[in-house]
Amino acid sequence: SLPSGKLWHHNYLYGNLEHLVCLLDLAETLFCHYPYMKKELLKTAIILHNLGNIQQINLEGFIDYTTIGRLIGHPTLAFQRLKQEIESISDFPNELRIQLIHLILSQESAVEKTASVLPMTFEAIVLNQMIQLDVLANAALRIIRNDRLPDSHWTKYNNLLQRFLYVGETVESR
């Protein structure tokens, strides 16, 4: 029932599930174009990438971040949980362990945000960009639907995007 975030993207109950389904669908589509991609590795990382949200997001009262979520961030929390689970499995393949951990720690768009490292594998680059696409598309749709200026083809100025969004003459309900 978790959202993916507090304010920006998929910030509603079951938003995280919607985000995961979209990313899994995108992975299938991308595999058609990039057969080099390790699809099962990428899909595993998609499922695990927001594992830290369990500790990061508090649903009591209203959606907010927990103290540990604010101080450590969901990629690091996901890494800690993943590492714990991997260590409980005897003979877990070392190469797979390193690849999964890298995918989790490099999922954010930049080290200046919450990424520990920049994406350095093909799958990490793809995951990073897929997440950014779904995050931005979800947020943009919410802004278009909720922040259109009356009698205008534009939304209000959005500080996070640092721009107005063009809505056009009609807003289609999707």
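Just so we're aligned, residue 565 is where the sequence shown starts under this note's numbering, counting upward by one. The beta carbon of each residue, even a glycine, is placed where N, CA and C say it ideally should be. These numbers come from a predicted model, not from an experiment.
TODO: Count the CB pairs spanning the region 608–628 and the region 576–591 that are closer than 8 Å, and state whether there are at least three.
DONE: Taking 8 Å as the limit for Cβ pairs, the verdict is that the region 576–591 does touch the region 608–628.
Open item on the list: Quick check: residue 610 and residue 587, are their CB atoms within less than 7 Å of each other?
Closed with: One-based indexing of the sequence shown puts residue 610 at position 46. One-based indexing of the sequence shown puts residue 587 at position 23. Taking the C-beta atoms as reference points, residue 587 is found nearer than 7 Å to residue 610.
- [ ] Give the DSSP bridge partners of residue 712, in chain order.
- [x] Stepping through the sequence shown from its first residue, residue 712 is reached at position 148. Paired residues: 719.
TODO: Mind the definition here: the region 591–604 touches the region 718–728 only if three or more C-beta pairs lie below 8 Å; say whether that holds.
DONE: No, they do not touch.
Task: Pick from 681, 728 and 630 that is closest to residue 665, judged by C-alpha positions - done: As a first step, residue 665 is located in the sequence shown; it is residue number 101 there, counting from the start. The residue with the shortest Cα to Cα distance from residue 665 is 681.
TODO: Report the three-state DSSP secondary structure of residue 622 (helix, strand or coil).
DONE: If you number the sequence shown from 1, residue 622 lands on position 58. Residue 622: strand per DSSP, three-state reduction.
Task: Proximity to residue 634 [Cα-Cα], best of 589, 616, 699 and 703 - done: Along the sequence shown, read from residue 1 onward, the residue named residue 634 stands at position 70. For residue 634, the closest C-alpha among the options 589, 616, 699 and 703 is that of 616.
Open item on the list: Given a cut-off of 7 Å on the beta-carbon distance, is the pair residue 669 and residue 639 in contact?
Closed with: Here the question's residue 669 lines up with position 105 in the sequence shown. Here the question's residue 639 lines up with position 75 in the sequence shown. The answer is yes: Cβ separation under 7 Å.
Task: Contact set for residue 581: own chain, Cβ-Cβ below 6 Å, skip 5 residues either direction - done: Position 17 of the sequence shown, counted from the start, is the residue given in the question as residue 581. If you ignore the 5 residues before and after residue 581, its C-beta comes within less than 6 Å of no other C-beta in its own chain.
TODO: With a 10 Å radius around its C-beta and 16 neighbouring C-beta atoms as the bar for buried, classify residue 671 as buried or exposed.
DONE: For this step, residue 671 is matched to residue 107 along the sequence shown. Buried: at least 16 other Cβ atoms inside 10 Å.
- [ ] With distances taken Cα to Cα, identify the nearest neighbour of residue 614 among 651, 645 and 631.
- [x] Taking the first residue of the sequence shown as position 1, residue 614 is located at position 50. Considering only alpha carbons, the answer is 645.
Open item on the list: Just verifying my parser: in three-state terms, what is the DSSP assignment at residue 727?
Closed with: For this step, residue 727 is matched to residue 163 along the sequence shown. The answer is strand: DSSP assigns residue 727 an E or B state.
Task: Beta-carbon proximity of residue 650 to residue 661, cut-off 7 Å - done: For the purposes of this step, residue 650 is taken as the residue at position 86 of the sequence shown. For the purposes of this step, residue 661 is taken as the residue at position 97 of the sequence shown. Cβ distance < 7 Å, so residue 650 and residue 661 count as in contact.
TODO: State the CB to CB distance for the pair residue 707 and residue 722, rounded to an integer number of angstroms; the pair is presumed to be in contact (CB under 8 Å).
DONE: Looking up residue 707 in the sequence shown gives position 143. Looking up residue 722 in the sequence shown gives position 158. Taking C-beta atoms under 8 Å as the contact rule, residue 707 and residue 722 qualify, at a distance of about 6 Å.
Open item on the list: According to DSSP, is residue 520 part of a helix, a strand, or is it coil?
Closed with: Lying before the first or after the last residue shown, residue 520 is absent from the chain, which here runs from 565 to 738.
Open item on the list: Could you compute how far the alpha carbon of residue 658 sits from the alpha carbon of residue 686?
Closed with: Taking the sequence shown and counting its residues from 1, one reaches residue 658 at position 94. Taking the sequence shown and counting its residues from 1, one reaches residue 686 at position 122. Looking at the backbone, the Cα of residue 658 and that of residue 686 are separated by about 18 Å.
Task: residue 640, DSSP secondary structure in three states - done: Locating residue 640 in the sequence shown gives position 76, where the first residue counts as 1. Helix.
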